[in-house]
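Residue numbers (my numbering): 1 to 275.
Notes follow the structure.
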């Protein structure tokens, strides 16, 4: 069976095709499951992933490597905007996983990454220190914070947080977003740095992904009502210049499998209907 990226109209069927091909062994051991024929010569699989995926992807890395003896999966995490810039400047890699559509679509439009799929979804929570010094219990309490940390406006976590504040303003009245933003003391380039600063005691509250709060130990998470919250769709795609196309597709097939989706769910992410 011959595989071609251009022969498929969109990325979803590529995953199903990969699963089928793996079942029949057309890619050989190096592309699916089972030991590779020459493990010492196998190049690593480099996955460029949004920082909020770091813990979940570390577990996925271990699971994938267990079915591909001799393969080294390298997870390189940063803000989606930083990873996009790396790809645009020729950084090597095999798979890109972005925390929003904007940065993914930019590299797809530039023909640096093949068309992507949504593989998981996140939502936002407010986080406070364990002692909750500002007494924040709901979204309406955010203006009580003397020190608030958000993601920068141009990064996914910052974009999603401001969208949530816009929706909250419809409920709590004109000027709500301004009152909240007037409390901001730091704008961070990714969600993990937002979390880290709050854990260090540098703020009374912050807005991060629920997955960040799920894996954190030194914070308290305050849920955001569904009608005010934001669905953060995570997109993944294969880099056009990858030397590991078969393995890259096998990785995405694993991430979107029942096992992969279970791992993501354990770390606070939500499944998407078509995966």
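Think of the CB as a built atom: it goes at the ideal place given N, C-alpha and C, for glycine as much as any other residue.
{"Check": "Given residue 216, which residues of its chain have a CB within under 8 Å of its CB, disregarding the five upstream and five downstream residues?", "Outcome": "127, 195 and 199"}
{"Check": "Tell me the residue span of the beta strand (DSSP E) that contains residue 120.", "Outcome": "117-122"}
{"Check": "Any idea which residues DSSP pairs residue 151 with across the strands?", "Outcome": "188"}
{"Check": "Give me the residue from 117, 64 and 213 with the minimum Cα distance to residue 259.", "Outcome": "64"}
{"Check": "Please state if the CB of residue 51 and the CB of residue 197 are separated by a distance shorter than 7 Å.", "Outcome": "no"}
{"Check": "Which whole-angstrom value is the C-beta distance of residue 172 and residue 140, which I expect to be below 8 Å?", "Outcome": "6 Å"}
{"Check": "Which class does residue 103 belong to by DSSP, given the choice of helix, strand or coil?", "Outcome": "helix"}
{"Check": "Just verifying my parser: in three-state terms, what is the DSSP assignment at residue 97?", "Outcome": "strand"}
{"Check": "Measuring straight from C-alpha to C-alpha, what distance separates residue 167 and residue 241?", "Outcome": "40 Å"}
{"Check": "What residues in its chain sit with their C-beta under 6 Å from that of residue 185, if we drop five residues either side in the sequence?", "Outcome": "147"}
{"Check": "Is the beta carbon of residue 94 less than 7 Å from the beta carbon of residue 248?", "Outcome": "yes"}
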